[in-house]
Amino acid sequence: MGTNAQTMAWILDEYSKFHGHLPAVMTRKPIDLGGSLGREAATGRGVIYATEPLFAEYGKSIKDLTFAIQGFGNVGSWAAMLIHERGGKVIAASGITGAVKNPNGIDIPTLLNQGSNGELENILMV
Ligand SMILES: NC(=O)C1=CN([C@@H]2O[C@H](COP(=O)(O)OP(=O)(O)OC[C@H]3O[C@@H](n4cnc5c(N)ncnc54)[C@H](O)[C@@H]3O)[C@@H](O)[C@H]2O)C=CC1
Ligand SMILES: O=C(O)CCC(=O)C(=O)O
4 MGTNAQTMAW
14 ILDEYSKFHG
24 HLPAVMTRKP
34 IDLGGSLGRE
44 AATGRGVIYA
54 TEPLFAEYGK
64 SIKDLTFAIQ
74 GFGNVGSWAA
84 MLIHERGGKV
94 IAASGITGAV
104 KNPNGIDIPT
114 LLNQGSNGEL
124 ENILMV
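Under this note's numbering, the residues of the sequence shown are numbered 4 to 129, in order.
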């Protein structure tokens, strides 16, 4: 937690100083350092790909359900976006310094466009 592609680039840089340039040792690198396309979204996407069949076993789909996202960072914000795209309703999201709620459904693209870095600082309600 609290890391991003830049952090991974720093770790790769430090590792390379001692062991030579071996980019395969570090995942979630920036693309221009050999990172994988789609990596930023991958874990949140995995959450959705895993939960969709689980819901199906109970005769439900994402569009029928409401969601609260505890931890609106890399994984949580991508999961929220994919829920939104599938017609699901995200009614609450929280980070360590703030939270938002809207019983009618949060507009996730708008929330992300507010420059939220996963902490939801100064955002009380959307
Ligand atoms: N990013 C990835 O690709 C992967 C992440 N994970 C795991 O998924 C989890 C989330 O990772 P990321 O989204 O990358 O982290 P992140 O740092 O981007 O987001 C973490 C979120 O949790 C919130 N948070 C932190 N401490 C909290 C607390 N005490 N109470 C409430 N909220 C708190 C932060 O405010 C932030 O919104 C971590 O446990 C991580 O190890 C696992 C596999 C891959
Ligand atoms: O990038 C990876 O291969 C794994 C990342 C992971 O498990 C994490 O961020 O906690």
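The beta-carbon is built from N, C-alpha and C at its ideal position, and this holds for glycine as well.
A quick note: this is a predicted structure, and the numbers were derived from the prediction, not measured.
| When you compare only the Cα positions, how much space is there between Leu40 and Ile34? | 7 Å
| field | Contacts around Val129, its chain only, beta-carbon distance under 6 Å, and the 5 residues preceding and following it disregarded | value | Note that Val129 scores a pLDDT of 46, beneath 50, so its modelled location is shaky; the value from the coordinates is reported in the next line. The residues are Val103, Asn105, Ile109 and Leu114.
| When the Cα of Val78 is compared with those of Glu17, Lys20 and Arg42, which residue comes out closest? | Arg42
| request: Along the beta strand (DSSP E) that carries Ser97, what are the first and last residues, could you check? | output: DSSP places Ser97 inside the beta strand (DSSP E), whose first and last residues are Lys92 to Ser97.
| Which residue from Ala53, Ile72, Gly74 and Gln73 puts its Cα closest to that of Ser64? | Ala53
| message | Is any non-hydrogen atom of ligand 2 found closer than 8 Å to the C-beta of Thr30, if you look at the structure I gave you? | response | yes
| task | Would you list the residues sitting across from Ala71 in a DSSP beta bridge? | result | Per DSSP, Ala95.
| request: Kindly indicate which residue of Ala44, Gly62 and Ser19 has the alpha-carbon position closest to the one of Ala8. | output: Ala44
| query | Hey, is Gln73 close to ligand 1, as in C-beta under 8 Å from one of its heavy atoms? | reply | yes
| What residue does the beta strand (DSSP E) around Ala102 start on, and which one ends it? | Ala102 to Lys104
| Any heavy atom of ligand 2 within a distance shorter than 8 Å of the CB on Thr10? | no
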